[in-house]
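Protein sequence lines correspond, in order, to chains A and B. Sequence positions in the first sequence follow our numbering and run 1 to 20. Sequence positions in the second sequence follow our numbering and run 21 to 260.
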Amino acid sequence: ELDDGLDEAFSRLAQSRTNP
Amino acid sequence: SGVGSLSGSYVAPKAVWLPAMKAKGLEISGTFTRQVGSITMDLQLTNKALQAMTDFAIQFNRNSFGLAPAAPLQVHAPLSPNQTVEISLPLSSVGSVMKMEPLNNLQVAVKNNIDVFYFSTLYSLHILFVEDGKMDRQMFLATWKDIPNENEAQFQIRDCPLNSEAVSTKLQSSNIFTVARRTVEGQDMLYQSLKLTNGIWVLAELRVQPGNPSLTLSLKCRAPEVSQHVHQAYETILKN
């Protein structure tokens, strides 16, 4: 599977929402 | 793909929409269902008058999501006194649109050989959640970023002691799809999408904390007036 960067982007989104 | 999607979305028990005393003996109870892409209004007509009822017909006023009967109201024989009949009326969502207050209000007229009767009812928005409402992950991230913060609404869903897996499965059976899931500091963050029959997308973040029966729902939508109704739909689906 290609690493499309989306997994990382969702992790960043979740992080930013928990620690804005 | 699960049993949930085969059995369809949550169906509320029938409620009395038109009491007999307000309709010269005609009592109407009903509910709405969504199954494999079809919306129906499930009706129960009871004749509490002393004469037979014939010549039934139904009409909706224009409404927020263009709901309209997709077929005539078929009552095949006269309805005798004390008789009850169950009818499943297929609905389409491409009728005339007029924004109602509240948004999910539906005004209905039913006629028979005696008179014409009017009632209104509210429907849960989940009957409008379409089967292809799972947004592509890249599109989700872009849309989430693009919708301004003013359009985000946050709600608490209390007394819901389900884990994130059970929440996700339950919601999917009513066409709310989990696009991604992350765990941050012990909280499960579910990123979800749904699409209404009129093409409006709603993006959600649902926080589930193990051992805490309160969930936090954040909704982002370009039409923010639908958010409170989507929240209500979440409550209805998760608590039934």
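Glycine included, each C-beta is placed from N, C-alpha and C at the ideal position. Model, not experiment: these values are computed from the prediction.
- The distance from the Cβ of B/L46 to that of B/F139 is about 11 Å, inconsistent with a contact at the 8 Å cut-off.
- Per DSSP, B/T163 is one residue of the alpha helix (DSSP H) stretching across R157 to D166.
- Take B/N133, set aside five residues on each side of it, and the residues of its chain with a beta-carbon closer than 7 Å to its own are M73, T74 and D75, in chain order.
- Per DSSP, B/I177 is one residue of the beta strand (DSSP E) stretching across E172 to I177.
- Legend: CB atoms of the stretch 26-41 of chain B lying less than 9 Å from CB atoms of chain A are not found in any residue.
- The beta carbon of B/Q207 falls within 8 Å of a beta carbon belonging to chain A, placing the residue at that interface.
- In this structure B/T189 is not in contact with B/F85, their Cβ atoms being roughly 26 Å apart against a cut-off of 8 Å.
- Secondary structure of B/I257 (DSSP, three-state): helix.
- The alpha carbon of B/V187 has as its nearest neighbour, out of B/K240, B/Q127, B/L235 and B/T53, the alpha carbon of B/L235.
- For B/A43, the three-state secondary structure derived from DSSP is coil.
- With respect to chain A, the C-beta atom of B/A200 has a partner C-beta closer than 8 Å.
- Contact residues of the stretch 148-165 of chain B toward chain A are R157, Q158, F160, L161, W164 and K165 (C-beta to C-beta distance below 9 Å).
- By the Cβ test, the stretch 102-110 of chain B is in contact with the stretch 51-66 of chain B, since at least three Cβ pairs between them sit closer than 8 Å.
- Exposure of B/T104 is indicated by the presence of fewer than 16 other C-beta atoms within 10 angstroms of its C-beta.
- In the three-state DSSP reduction, B/N218 falls in the coil class, being neither helix nor strand.
- The Cβ-Cβ distance between B/L239 and B/A173 falls below 8 Å.
- Annotation for B/L142: P122, N124, N125 and L126 place their beta carbon closer than 8 Å to its own, counting only its chain and skipping 5 residues before and after.
- Taking B/V31 as reference, the option from B/I196, B/R54, B/Q176 and B/K42 with the minimal CA-CA separation is B/R54.
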